[in-house]
Structure formats: C-alpha cells, structure tokens
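Asker:
Numbering (the numbering used here), first residue to last: 283 to 728.
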C-alpha cells in the first residue's frame with residue numbers, strides 16, 4: 283500500500299516512490315515525477331470532494347499523529363483501529379488518483395504550450411463566421427483516414443492564415459500523439475495600415491525544405507540537393523506524426539511541383555497549406571474554400587473593427603457595399619475612418635484611392651489572366667456581380683471551350699465563386715471588393 287511512501291514524501295522523499303507503490307497494485311498508473319509541494323494543493327482539492335479522507339490524511343501525515351491518537355480522538359470518525367487502517371488505505375489510494383489526475387493535466391498543459399510556441403502571434407482577437415469551417419478543419423486534422431494534405435484556398439485578405447491558426451490552436455489539445463509542429467510562412471509581402479512591406483519575389487522549393495529541416499533540427503538538409511532533402515526529411519516525418527503548416531503557398535516558385543513532394547513526406551504527418559491558387563487535384567489533397575463573409579457577419583465585423591480602432595462609423599452598410607466581406611479590406615478602410623470623415627474615405631475607396639489594397643490582393647492574379655478571362659471577369663461585374671453560363675456565352679460572344687478555360691482560370695485564382703441561385707442554376711459570382719476594384723483600379727493597369 284501507499285502508507286510508507288506517503289509518509290516518506292512528507293519528509294522529503296521523491297514523490298515517484300508514491301507512484302511506484304501505486305503501480306504495484308495498478309500497473310496502468312504512470313507518472314514521471316512531481317514535487318512535494320503539490321501535495322498541499324492535492325489535499326485541498328481532495329477536501330472538496332472527499333472531506334473525510336482529507337481530514338484523515340492531514341491528521342496522519344501533515345500533523346504526524348499516530349493511529350492510536352487518531353482513533354482516540356475519533357478522527358475522522360469513531361471506529362476501530364482495523365477500520366481506521368482500511369479507511370487510511372482507501373484515502374491514500376484516492377489521494378494518489380487525485381495526484382495522477384493533476385499530473386496528467388499538467389502534462390497536457392505542457393504539451394499544448396510546447397506545440398503552441400511554434401505558432402506565430404495571432405493577428406486577430408476574434409474570428410467571425412467561420413466556426414463551422416474551423417470545426418471541419420479540426421475534424422480532418424484529427425482523422426488519420428482523412429486527407430493528409432489540406433489546403434485552405436481563397437482570395438488575398440480573406441483570412442486564410444487566421445483560419446489556419448485558429449484550427450491548429452483548436453486541434454493541439456486533442457493531438458496527444460503529435461510529436462512536433464512546424465509553421466513556415468512563404469509570404470514575401472505584407473499589407474498594413476502604412477502600406478505594402480516586403481521584397482516580393484518567390485521562395486524556391488529548396489528554401490522551403492531547408493527551413494523545414496532547420497525547424498526539425500536537421501541542419502544537414504541544407505547541404506543536400508532537393509531529392510535528397512525530401513528523403514532526409516521523410517525519416518522523422520514518416521516515423522512519427524507531425525503537423526506542418528505552410529502559409530501563402532502561392533509565393534513558392536513552381537508551387538504546383540511541391541504537392542507531389544509533400545505526398546512523399548505525409549503519413550502519419552499531415553500538412554496544412556494556405557494558398558490563393560488551386561493545388562493540383564490529387565487524391566491525398568483536400569481543399570477548403572474560404573469565401574468572403576456574409577453581409578450579416580461582415581456588418582458585425584465592421585462594428586467590431588470600428589470599436590477596436592476607435593473609429594467613428596455611421597454607415598456600415600455603405601462600407602460593405604464597397605468592399606464586401608473581405609476582412610483585410612474592412613480593417614484597412616476602418617483604420618482610415620479613425621482619421622478622416624466617413625464620406626471622404628468611402629469616396630476614396632470608390633475612386634480607387636486605396637491602391638495598396640488592390641495591388642496586394644489583385645495585381646499578381648490579374649497579371650496571370652489572359653485577355654479572355656479578364657473580359658469574362660468584367661462581364662460578370664457588369665451583370666451585377668453574378669452571371670450564369672448562358673448569359674456569359676451571349677455577352678462575351680466566345681466559344682464554349684474558351685469560356686470554360688476562362689472560368690477555370692478565374693476559379694483557380696479565387697477571383698470568382700460558384701454558387702446556386704433560387705432556381706438551382708449554377709451562378710458565377712465575384713466579391714464586392716473585386717467589383718469595386720474592377721471599377722476603380724484595374725483600368726489604370728490595362
């Protein structure tokens with residue numbers, strides 16, 4: 283029993299002796315180590331649920347009364363010495379259970395803190411309208427039978443990074459077998475209230491795998507050619523489950539060649555990617571499309587952002603009509619409302635006086651479109667931001683294969699979304715911010 287180990291702990295012995303004795307009776311009980319001052323806390327917790335046991339243990343081991351003294355004083359209740367010993371053993375077992383539970387909770391907290399330390403500082407204080415999507419991502423990350431590579435796809439500024447961050451933070455507490463977590467950002471430019479920052483350009487595949495090797499403490503990866511880098515990284519990643527997040531995948535040079543390489547590293551390791559562009563359609567790759575916030579959600583977010591920025595906001599509806607449900611655009615416009623009249627700010631957005639927003643979100647995608655795809659995008663905008671196939675064939679006056687190719691380009695770059703109208707017809711729609719962009723800024727790029 284645990285009588286002697288518990289007494290020894292009070293005199294400074296290692297607490298593992300307590301667990302060693304417990305394990306003789308219960309081999310499934312395990313504990314690494316604990317410290318003696320935990321016992322006071324455990325006793326206080328025990329007093330809340332088993333006050334009789336707590337009083338017995340305190341009298342015997344904290345006050346150091348012997349059994350005769352305890353029985354004579356009828357503590358914790360009137361009983362024979364034989365009954366007292368039985369109750370003492372039961373109290374020690376119950377105390378040990380409390381101790382092991384506390385140790386398990388401490389390990390869990392340490393696990394969460396260790397993995398969370400690899401995440402970047404959160405750029406948000408609250409997310410709006412994505413609870414279902416977060417839950418979907420967490421479920422897919424937790425299920426080994428689901429896709430081993432997941433990609434969050436959406437237009438710039440739509441909140442892909444924040445969504446990935448939130449999903450990973452929700453996933454970590456239940457990922458008890460996760461060996462390590464790696465977050466790699468391929469982002470080369472950043473848009474803030476002060477403008478666009480960064481050098482632009484693209485990240486080479488070799489650089490991406492070098493960073494992965496560095497974060498896995500495999501410095502030898504840096505000296506190897508690409509194929510051998512992948513082979514070296516496969517050793518730890520295929521042996522134990524890791525979670526690797528690669529943010530802003532579209533800035534990786536020849537990023538479509540990356541997916542087949544990641545497949546060589548996946549299982550049990552999983553990869554979570556964010557991208558503005560579509561990944562190759564492979565069996566082991568799953569895609570989660572992130573669209574703009576609905577009107578109702580966007581209006582709540584606008585009010586939240588205005589309060590956070592201490593901005594005077596009168597017409598949230600008009601702001602939504604200009605930029606739609608793009609979180610980054612909303613934040614940047616609301617920031618201007620803190621220093622300028624609402625009328626001036628909104629007119630500036632309408633006239634294209636926010637070139638940094640449009641450049642950051644659209645310039646690269648616009649550059650990649652051919653003339654047919656650009657004209658189709660304008661046609662959707664002229665139709666009221668949404669149009670069906672037959673309308674586009676008529677207005678654009680192009681063959682069906684050309685229209686199909688253009689739509690595929692626009693979908694791949696997250697510039698349009700496929701929706702269903704009330705008659706269950708397929709509709710191609712653009713974001714409100716895209717519509718404003720087409721009216722205000724793109725004419726200067728043509």
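We put the beta carbon where it would ideally sit given N, CA and C, even for glycine.
Out of 710, 363, 369, 526, point me to the one whose CA is closest to residue 400's CA.
Answerer: 526
Asker: Return helix, strand or coil for residue 630, following the three-state DSSP convention.
Answerer: helix
Asker: Quick one: measure Cβ to Cβ for residue 597 and residue 629, integer angstroms, because I've assumed they're closer than 8 Å.
Answerer: So it is not a contact: roughly 12 Å between Cβ atoms.
Asker: Got a sec? Which residues, its chain only, sit under 6 Å from residue 519 by beta carbon, not counting five neighbours each side?
Answerer: Within the same chain, Cβ atoms closer than 6 Å to the Cβ of residue 519 are found at 547, 551, the five residues on either side in sequence being excluded.
Asker: When the Cα of residue 646 is compared with those of 670, 558, 588, 627, which residue comes out closest?
Answerer: 558
Asker: If you run the structure through DSSP and keep just helix, strand and coil, what is residue 581?
Answerer: helix
Asker: Which term fits residue 609, buried or exposed, when burial requires 16 or more other beta carbons within 10 angstroms of its beta carbon?
Answerer: buried
Asker: Of all the options 438, 541, 544, 521, which has the alpha carbon lying nearest to the alpha carbon of residue 640?
Answerer: Selected option, being the one with the closest Cα: 438.
Asker: Could you give the residue range of the alpha helix (DSSP H) that holds residue 711?
Answerer: Where residue 711 is concerned, there is no enclosing alpha helix (DSSP H), although the beta strand (DSSP E) it sits in stretches over 708 to 711.
Asker: Across the segment 685 to 697 and the segment 579 to 596, are there enough close Cβ pairs to call them in contact, namely three or more that are closer than 8 Å?
Answerer: no
Asker: Closest to residue 657 by CA distance: which of 531, 409, 577, 677 is it?
Answerer: Minimum Cα distance to residue 657 is reached at 677.
Asker: Roughly how many angstroms separate the alpha carbons of residue 322 and residue 385, rounded to a whole number?
Answerer: 14 Å
Asker: Quick check on residue 430: does DSSP put it in helix, strand or coil?
Answerer: Residue state, collapsed to three classes: coil.
Asker: Going by DSSP, what residues sit across from residue 670 in a beta bridge?
Answerer: 709
Asker: Apply the 10 Å Cβ neighbour rule to residue 316 and answer buried if 16 or more other Cβ atoms are within range, or exposed otherwise.
Answerer: Any reading at residue 316 needs caution, since the residue's pLDDT is 46, under 50, leaving its predicted position unreliable; the model's value is listed next. Flag for residue 316 reads buried.
Asker: Report back the beta-carbon spacing between residue 534 and residue 540 to the nearest angstrom; my notes put them in contact at under 8 Å.
Answerer: Rounded, the Cβ-Cβ distance is 6 Å, consistent with contact.
Asker: Assign residue 511 to buried or exposed, taking buried as 16 or more other Cβ atoms, counted over all protein chains shown, within 10 Å of its Cβ.
Answerer: buried
Asker: Considering residue 350, what are the terminal residues of the alpha helix (DSSP H) in which it resides?
Answerer: 349 to 354
Asker: Spatial neighbours of residue 468 within its chain, please: CB distance less than 7 Å, with the 5 preceding and 5 following residues excluded, ordered by chain position.
Answerer: 485, 490, 528, 529, 530, 531, 533, 534
Asker: Could you check if residue 626 is buried or exposed, using at least 16 other CB atoms within 10 Å of its CB as the buried criterion?
Answerer: exposed
Asker: By a C-beta neighbour count over all protein chains shown, 10 Å radius and 16 as the cutoff for buried, is residue 429 buried or exposed?
Answerer: Counting the other CB atoms within 10 Å of its CB gives residue 429 a total of 16 or more, which places it among the buried residues.
Asker: Which residues in the same chain have their Cβ closer than 7 Å to the Cβ of residue 308, if we skip the five residues on either side of it in sequence?
Answerer: Reliability fails at residue 308, whose pLDDT of 46 lies under 50, so the model's placement of it is uncertain and the value that follows must be treated cautiously. If we look at residue 308 and ignore the five residues flanking it on each side, it has no Cβ neighbours.
Asker: Which of helix, strand or coil does DSSP assign to residue 341?
Answerer: DSSP places residue 341 in helix when its eight states are reduced to three.
Asker: For residue 322, which of helix, strand or coil comes out of DSSP?
Answerer: helix
Asker: Decide if the segment 413 to 422 is in contact with the segment 448 to 458; the criterion is three or more beta carbon pairs, one per stretch, under 8 Å apart.
Answerer: yes
Asker: Leaving out the 5 sequence neighbours to the left and right, which residues in its chain are closer than 6 Å to residue 522 when beta-carbon positions are compared?
Answerer: Apart from the 5 residues on each side of it in sequence, residue 522 sits with its Cβ closer than 6 Å to the Cβ of 461 in its chain, given in chain order.
Asker: By the DSSP assignment, the alpha helix (DSSP H) with residue 495 in it spans what residues?
Answerer: 487 to 497
Asker: In angstroms with no decimal places, state the Cα-to-Cα distance between residue 328 and residue 387.
Answerer: 16 Å
Asker: Is residue 383 helix, strand or coil by DSSP?
Answerer: helix
Asker: Would you identify the three-state DSSP class for residue 371, choosing helix, strand or coil?
Answerer: Reduced to three states, the DSSP call for residue 371 is helix.
Asker: Give every residue of the same chain whose Cβ lies closer than 6 Å to the Cβ of residue 699, excluding the five residues on either side of it in the sequence, and list them in chain order.
Answerer: 573, 711
Asker: CB residue 376 to CB residue 332, shorter than 8 Å?
Answerer: yes
Asker: Could you tell me the alpha carbon to alpha carbon distance between residue 675 and residue 703, rounded to whole angstroms?
Answerer: 18 Å
Asker: Taking the CB atoms as reference points, tell me whether residue 670 and residue 714 lie closer together than 8 Å.
Answerer: no
Asker: Helix or strand or just coil, what does DSSP make of residue 658?
Answerer: helix
Asker: Using three-state DSSP, classify residue 400 as helix, strand or coil.
Answerer: Coil, per DSSP.
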